[in-house]
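Here's the structure we're looking at; comments come further down.
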Amino acid sequence: MAKQTKVTNAIRALRFQADEMTQAELAEQVGVTRQTVIAIEKGRYSPSLEVAFKIARVFGVPLEEVFQYPEE
Amino acid sequence: MSFEEKSTWITALSLGVVNGWYFARILAEVTRVEADAIVYQGSLLVTLAISVVLIVIGHIVVAIANPKAADQTDERDRDIERRGEYFGGYVLGSASLLVLGLAIVEVDHFWIAHAILAGLILSELVSAVTKIVAYRRGF
Chain A
1 MAKQTKVTNA IRALRFQADE MTQAELAEQV GVTRQTVIAI EKGRYSPSLE
51 VAFKIARVFG VPLEEVFQYP EE
Chain B
1 MSFEEKSTWI TALSLGVVNG WYFARILAEV TRVEADAIVY QGSLLVTLAI
51 SVVLIVIGHI VVAIANPKAA DQTDERDRDI ERRGEYFGGY VLGSASLLVL
101 GLAIVEVDHF WIAHAILAGL ILSELVSAVT KIVAYRRGF
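Quick mapping for you: the protein sequence lines, in order, are chains A and B. So for the first sequence, my numbering puts the first residue at 1; every next one is plus one. So for the second sequence, my numbering puts the first residue at 1; every next one is plus one.
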């Protein structure tokens with residue numbers, strides 16, 4: 001069974017707040033495939049730091065509003 | 001599915017089906033005839049050629065169906081590719097050691113050729129399965 005990342009994210013909510021942006025639109029702005037955006041939202045893939053920052057820039061919010069990591 | 005994932009499926013299915021059929025046939029042959037008497041070279045090469053043709057056709061079909069997505073790869077595709085190659089590499093390495101052993105004890109080239117072929121096909125299949133699991137379940 002593949003290990004899931006502990007990183008969670010609020011991308012879906014942020015997309016809906018941003019005029020109901022689609023996964024495809026977000027993917028295009030960030031430079032990844034639509035399937036990768038889907039995988040990130042579902043916690044199946046942890047993006048690189050660079051892609052994480054790009055996503056945050058698209059929504060115009062700080063990184064930790066997009067991605068959260070649990071306290072130990 | 002991303003283009004790269006479709007590509008992985010095409011490769012895995014083509015190699016698996018075509019070579020599976022070839023190995024089934026050749027192993028049936030070996031139970032009836034001595035290995036050093038089997039003329040396998042033509043069949044083996046034709047099998048490889050068919051595999052390649054199927055893979056190419058499969059990719060063309062997928063690319064035509066969605067031209068914009070064709071050849072789009074991103075960091076996730078590259079990470080998954082790397083992971084697939086890592087595990088496939090283990091298989092290839094093990095197979096190579098086996099073949100080395102076969103060569104040292106001087107078995108008939110029939111067995112050496114088929115051990116190498118099996119190693120190549122298995123390593124590609126392991127690589128493909130690893131990638132598909134990573135695509136579907138995450139990693």
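Backbone N, C-alpha and C fix where the C-beta goes; we use that ideal spot for every residue, glycine too.
Annotation for A18(A): F59 place their beta carbon closer than 7 Å to its own, counting only its chain and skipping 5 residues before and after. At least one CB atom of chain B sits nearer than 8 Å to the CB of T33(A).
DSSP lists T8(A) as the bridge partner or partners of Q68(A). T36(A) reaches chain B at D74 and R76, counting residues in chain order whose Cβ is nearer than 7 Å.
The C-beta distance from D74(B) to F3(B) rounds to 10 Å, too long to meet the 8 Å contact threshold. Rounded to the nearest angstrom, the Cβ distance from P47(A) to I40(A) is 5 Å, consistent with a contact under 8 Å. One finds R76 and G138 in chain B with Cβ atoms closer than 7 Å to the Cβ of A39(A), taken in chain order. Nearest C-alpha to I116(B) among V62(B), G93(B) and A134(B): G93(B).
Within 10 angstroms of the beta-carbon of I57(B) lie fewer than 16 other beta-carbons, which makes it exposed.
L13(B) and E72(A) have their alpha carbons spaced roughly 43 Å apart. Using beta-carbon distances, S2(B) counts as an interface residue toward chain A, with a partner under 8 Å.
Taking CB atoms only, V66(A) has no neighbour in chain B less than 8 Å away. One thing to note: F87(B) has its Cβ within 8 Å of the Cβ of S127(B). Neighbours of V51(A) across chain B, judged by C-beta separation under 7 Å: E75. Apart from the 5 residues on each side of it in sequence, L120(B) sits with its Cβ closer than 8 Å to the Cβ of L92 and A95 in its chain, given in chain order. DSSP, read as helix, strand or coil, puts D19(A) in coil.
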